[in-house]
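In the numbering used here, the protein residues as written are 8 to 516.
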């Protein structure tokens, strides 16, 4: 049968992409610096091989036959969706020359190494030549892919299909309108006590506690592991092997803990996919050439931000687990109670570092990056002028002076790996997380009761049923509409932020 042959070939594409993911995980966790150039070529070979197999004549023949076999089925039938997604991916990739894809993949591997060195030395000039090449090849990619209004839209398509600059402008405007007054009021309020956050917390203990909490909320260690890296990430090699990383600062314990909870949310998305979808197009991003089940990067971020913020930074979580934290660090937190810790980890104040920022100011970091990326791609911002533009926007948006490149323009890993167009996913994920959490807890009040009792199973079950198990079967908005009854809606997120921070800071409604 043609459908069976198409799925066999799609499984082989998935295998190649998973092999590339193994090399990527190794490069970002334990590979010596000297291996970057050859590793980049290895990953490029696998990526191009996956693309060539996807676009092969054999796949096209199988696809044509499979289309006949699923004709007449419901539009959202899983196998019908597999057929349509393979066709969409072939159409996409045939617009991009193989040599362009190879060049982009190689640049991404080389770029990561120069970025890491530049960040270590706080010197953007070390990374600038690689970034210029990455921006240039990204522009070529955008022109090859095609777009209606702005080249940045073509790049976002790989990560958040259907999202455009025109769509983001009103979303960002509504978020600024809803969040800025709260930020301004908090700036005048007394900050919670937080001196204990920067005490000495041994690195080994941090890793053990972070892993314990990730497992506690539902991360399956039989199919996963935790390692350290420069910039936290999650990566899957099918739902049966999903790994996470975090980073450790001996004098700032929340970094490792919330990094692990964040990445565990990503991992549980992959681990929760329907087993029947393993190695199929519903567990493979054939457009982006990633072996992932999540329907979009924004959908993926919804799970990481939900578990990190709505669960991990909740008052109930620390009423239940602060004793575990005290036990992990004997004597270190004896003068602190659960309420003080809850308020400290949720204090809102502008931060230099995106991944260390609080819920309320986080999206200002994202909006800054989206605007800078958009300008780099349309040519209105030169790479050499990037640090100056970054620092000026940080001052305007968050009132912060940036002391050096490492804490400024070099803090994120994304550009070094060629991921231009992905930052919008974080804000979309925040909006989705609140929308899903509000719906889950209103539809099933028992979920909140369970969270109060440190039972994370009911919430995980709801998310598995409404989000994770579907893999890539539905579009992002289809998934949201099925789960919540409407497409992307920022209002639950704004309600969540206003309620939480008004209570923490004692602000009148």
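Idealized CB from N, CA, C, for every residue including glycine.
As the structure is a prediction and not an experimental result, all values here were calculated from the model.
- By the Cβ neighbour-count rule, residue 507 is buried, with 16 or more other Cβ atoms within 10 Å of its own.
- The three-state secondary structure of residue 427, taken from DSSP, is coil.
- When secondary structure is reduced to three states using DSSP, residue 233 falls in the strand class.
- For residue 259, the three-state secondary structure derived from DSSP is coil.
- Per the DSSP secondary-structure output, residue 292 pairs in a beta bridge with 297.
- Residue 423 and residue 32 do not touch by the CB rule: their CB atoms are close to 16 Å apart, not below 8 Å.
- Spanning the alpha carbons of residue 505 and residue 203 requires a straight line of approximately 26 Å.
- Setting aside the 5 residues that flank it on each side, residue 418 is surrounded in the same chain by 360, 361, each with a C-beta closer than 7 Å to its C-beta; the list follows chain order.
- Using a C-beta cut-off of 8 Å, the stretch 431-440 makes contact with the stretch 158-167, since at least three inter-stretch Cβ pairs fall below that distance.
- DSSP places residue 243 inside the beta strand (DSSP E), whose first and last residues are 241-243.
- Here the alpha carbon of residue 262 sits roughly 11 Å from the alpha carbon of residue 210.
- Rounded to whole angstroms, the gap between the alpha carbons of residue 71 and residue 78 is 11 Å.
- Buried is the label assigned to residue 332, since at least 16 other Cβ atoms lie within 10 Å of its Cβ.
- Straight across, the Cα-Cα distance linking residue 104 with residue 428 is about 20 Å.
- With a beta-carbon spacing of about 6 Å, residue 57 and residue 296 fall inside the 8 Å limit used to define contacts.
- Taking the Cβ atoms as the reference, residue 130 lies roughly 6 Å from residue 412, within the contact range of under 8 Å.
- Between residue 20 and residue 291, the C-beta gap is smaller than 8 Å, which places the two residues in contact.
- About 5 Å separates the beta carbon of residue 234 from that of residue 252, a gap short enough to meet the 8 Å contact definition.
- Around residue 260, the same chain offers 208, 213 as residues with beta carbons nearer than 6 Å, after the five sequence neighbours per side are excluded.
- Excluding residues up to 5 positions away in sequence, 311, 315 lie with their Cβ nearer than 6 Å to the Cβ of residue 269 in the same chain.
- DSSP places residue 224 in the helix class (H, G or I) of the three-state scheme.
- Non-local beta-carbon contacts of residue 461 in its own chain, meaning distances under 6 Å to residues more than five positions away in sequence, involve 327 in chain order.
- In the structure shown, residue 474 adopts coil according to DSSP, grouped into three states.
- Residue environment: residue 195 is assigned as exposed (fewer than 16 neighbouring CB atoms within 10 Å of its CB, all protein chains considered).
- By the Cβ neighbour-count rule, residue 198 is exposed, with fewer than 16 other Cβ atoms within 10 Å of its own.
- The three-state reading of DSSP puts residue 420 in coil, since its state is none of H, G, I, E or B.
- When the alpha-carbon of residue 224 is set against those of 158, 378, 463, the nearest one is in 463.
- The stretch 105-114 makes contact with the stretch 141-158; the number of CB pairs closer than 8 Å reaches 3 or more.
- Looking at the DSSP output, residue 250 bridges to 242.
- Distance from the CA atom of residue 369 to the CA atom of residue 355, rounded to whole angstroms, is 10 Å.
- Excluding sequence positions up to five before and after residue 372, its CB lies within less than 7 Å of the CB of 361, 364, all in the same chain and listed in chain order.
- Each of 231, 15, 95, 283 was checked against the Cα of residue 271, and the nearest Cα belongs to 231.
- Scanning the stretch 313-340 for uninterrupted alpha helix (DSSP H) segments of 4 residues or longer gives 322-335, listed from N- to C-terminal end.
- Annotation: the continuous alpha helix (DSSP H) that includes residue 15 extends over 9-36.
- Of all C-beta pairs linking the stretch 447-455 to the stretch 465-479, three or more are shorter than 8 Å, placing the two stretches in contact.
- Residue 279 sits buried, since 16 or more C-beta atoms from the chains shown fall within 10 Å of its C-beta.
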